[in-house]
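Colleague: Take a look at the following structure, please.
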Amino acid sequence: MKKVLQDLNFEELSALVAAAGEKPFRAKQLFEGLMQGKRLGEIPVSAALRKRLSEEYEEEPVRILETFVSADGTKKFLFLLADGNIVEGVFMQYSYGNTQCVSTQVGCRMGCKFCASTLGGRVRDLTAGEILGQILAVNRAEGGTLKERKVTNIVLMGSGEPFDNYDNVIKFLRLVTAEGGIRISARNISLSTCGLVPEMRRFALENIPLNLTVSLHATTDEERRRTMPIAKKYRISEILDACAFYFEKTGRRYIFEYSLIEGENADEAHALALAELLKGRPCHVNLIRLNEVKERDLKGTSEKSAYRFLGILEKHGISATLRRSMGSDIGGACGQLRAKFLRS
Ligand code: SAH
Numbered sequence: 505m506k507k508v509l510q511d512l513n514f515e516e517l518s519a520l521v522a523a524a525g526e527k528p529f530r531a532k533q534l535f536e537g538l539m540q541g542k543r544l545g546e547i548p549v550s551a552a553l554r555k556r557l558s559e560e561y562e563e564e565p566v567r568i569l570e571t572f573v574s575a576d577g578t579k580k581f582l583f584l585l586a587d588g589n590i591v592e593g594v595f596m597q598y599s600y601g602n603t604q605c606v607s608t609q610v611g612c613r614m615g616c617k618f619c620a621s622t623l624g625g626r627v628r629d630l631t632a633g634e635i636l637g638q639i640l641a642v643n644r645a646e647g648g649t650l651k652e653r654k655v656t657n658i659v660l661m662g663s664g665e666p667f668d669n670y671d672n673v674i675k676f677l678r679l680v681t682a683e684g685g686i687r688i689s690a691r692n693i694s695l696s697t698c699g700l701v702p703e704m705r706r707f708a709l710e711n712i713p714l715n716l717t718v719s720l721h722a723t724t725d726e727e728r729r730r731t732m733p734i735a736k737k738y739r740i741s742e743i744l745d746a747c748a749f750y751f752e753k754t755g756r757r758y759i760f761e762y763s764l765i766e767g768e769n770a771d772e773a774h775a776l777a778l779a780e781l782l783k784g785r786p787c788h789v790n791l792i793r794l795n796e797v798k799e800r801d802l803k804g805t806s807e808k809s810a811y812r813f814l815g816i817l818e819k820h821g822i823s824a825t826l827r828r829s830m831g832s833d834i835g836g837a838c839g840q841l842r843a844k845f846l847r848s
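To convert, note that position 126 of the sequence shown is 630 in my numbering; the numbers rise steadily by one, no gaps.
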């Protein structure tokens, strides 16, 4: 596989341009062109440099293969990587801006019982430039530029466990927030993890003040182990300690994802247990009714019980919201679209 030019930061590109005997302004041109989502052939560099780069680097490491548009305006993209692998992403339009959900791995090895991304296991990690490439491709396709961005917010909630691909994800975060690039502020980025405790602690020291989100989905270790194999490795108490450490280091409150699964974690007793667990912590809870995955036999709760669950949390002073499920008519849940594509 050829290398990915979008993996390189400005300093690394500058070194490459200098080594090719080109003037320094070429590096700026190249960086800006790449960050606009352009292919090498569309960027004004000298013929010699273009030839040299195209021999070693992918012309278009992330290409939009298909776009699905939902009735609510949500768009789902299938991205084709240079080696033929496919990942997916969702683009959601809100009044405050547009959020792009990106994948960090092809597949996933965490094995959560409700998630479609994990069905075929982990195929490979994405490079930093491949994660960034999803954002650059969508920003361009939506008519955005570096000044007038169409992608203003990012969630790392597509396929993959971001902290299972730690170094590439950190490099991506530094690239996407960098001067001269698309410059999406860390405050507008959410990273979701199933709770890899050592990486959560390490991340607290990276000085990237984003919205740390943890997939909890249960209130006891025993229950959590039923749907999330990672719970055999790390206890909820260790996760809460790591969250507290994150808050201590960054001053940022943290978020818990809690997908409501009928007969599993969605009763009143669970709501009370969750309120008890999180009482007094600087956190927020995002509830979502499980999106049913064809290959799994777990069911989402009714809207009514989801609101009842939310009411109980609020009554006990826990900050919480019930997320609307967007784009469910086009395969909104994680990995559903890729799974469908691979089946067909
Ligand atoms: N690996 C990371 C990020 C990817 S999943 C993580 O585990 O957090 C993003 C979120 O979607 C997680 O909270 C995950 O548990 C949730 N999710 C996965 N499949 C789902 C489904 N079918 N319905 C609702 N939420 C789901």
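Beta carbons are placed, not taken as given, at the ideal position from N, Cα and C, and that holds for glycine.
1. Thinking C-beta only, is Val-508 closer than 8 Å to Thr-603?
2. Compute the Euclidean distance between the alpha carbons of Ile-568 and Gly-821, then round it to the nearest angstrom.
3. Looking at the strands, I want to know which residues DSSP matches up with Lys-579.
4. Using a Cβ distance threshold of 8 Å, determine whether the segment 698 to 707 contacts the segment 574 to 586, with at least three qualifying pairs required.
5. Helix or strand or just coil, what does DSSP make of His-721?
6. Tell me the residue span of the beta strand (DSSP E) that contains Gly-601.
7. Within 10 angstroms of its Cβ, does Gly-545 collect 16 or more other Cβ (buried), or is it exposed?
8. For Ala-620, which three-state DSSP category applies?
9. According to DSSP, which residues form a beta bridge with Ser-696?
10. Should Thr-608 and Val-673 be called a contact, given that it needs their Cβ atoms to be closer than 8 Å?
11. Whole angstroms is fine: what's the gap from Glu-562's alpha carbon to Ala-586's?
12. Which of the three DSSP states, helix, strand or coil, is assigned to Leu-650?
13. Quick one: using the 10 Å Cβ neighbour count with 16 as the cut-off for buried, is Val-573 buried or exposed?
14. Do Leu-794 and Tyr-811 have their CB atoms nearer than 8 Å?
15. Let me know if Asn-807 comes out buried or exposed under the rule of 16 or more other beta-carbons within 10 Å of its beta-carbon.
16. Start and end of the alpha helix (DSSP H) containing Gly-615?
17. Given this structure, state the Cα-to-Cα distance separating Ser-848 from Phe-595, to the nearest angstrom.
18. I want to check one thing, is the minimum distance from the CB of Leu-794 to the heavy atoms of the ligand SAH below 7 Å?
19. Just reading off the beta strand (DSSP E) that Phe-760 is part of, what are its end residues?
20. Among Ser-823, Val-606, Leu-677, Arg-644, which residue has its Cα nearest to the Cα of His-851?
Modeller: In brief:
1. No. Outside cutoff.
2. For the pair Ile-568 and Gly-821, the Cα-to-Cα distance works out to about 44 Å.
3. In the DSSP output, where bridge partners are listed per residue, Lys-579 has Val-573, Phe-595.
4. Result no; under three Cβ-Cβ pairs closer than 8 Å.
5. If DSSP states are grouped into helix, strand and coil, His-721 belongs with coil.
6. Note, Gly-601: beta strand (DSSP E), 601 to 605.
7. Exposed, because fewer than 16 other Cβ atoms sit within 10 Å of the Cβ of Gly-545.
8. The answer is coil: DSSP assigns Ala-620 none of H, G, I, E or B.
9. In the DSSP assignment, Ser-696 is bridged to Thr-717.
10. Going by C-beta atoms, Thr-608 is nearer than 8 Å to Val-673.
11. Distance between the alpha carbons of Glu-562 and Ala-586 is about 7 Å.
12. Three-state DSSP puts Leu-650 in coil, outside helix and strand.
13. Exposed, since its Cβ has fewer than 16 Cβ neighbours within 10 Å.
14. No, Cβ-Cβ distance for Leu-794 and Tyr-811 is not below 8 Å.
15. For the record, residue 807 in the displayed sequence is Glu; it is not Asn. Burial call: exposed.
16. Per DSSP, Gly-615 belongs to no alpha helix (DSSP H) and is neither H nor E.
17. Residue placement at Ser-848 is poorly supported in this model, since its pLDDT is 49, which falls under 50; the coordinates are not used for a value here.
18. Relative to the ligand SAH, Leu-794 has its C-beta within less than 7 Å of a heavy atom.
19. Element bounds for Phe-760: 758 to 764.
20. Within the shown structure, residues of the chain are numbered from 505 to 848, placing residue 851 beyond reach of any answer.
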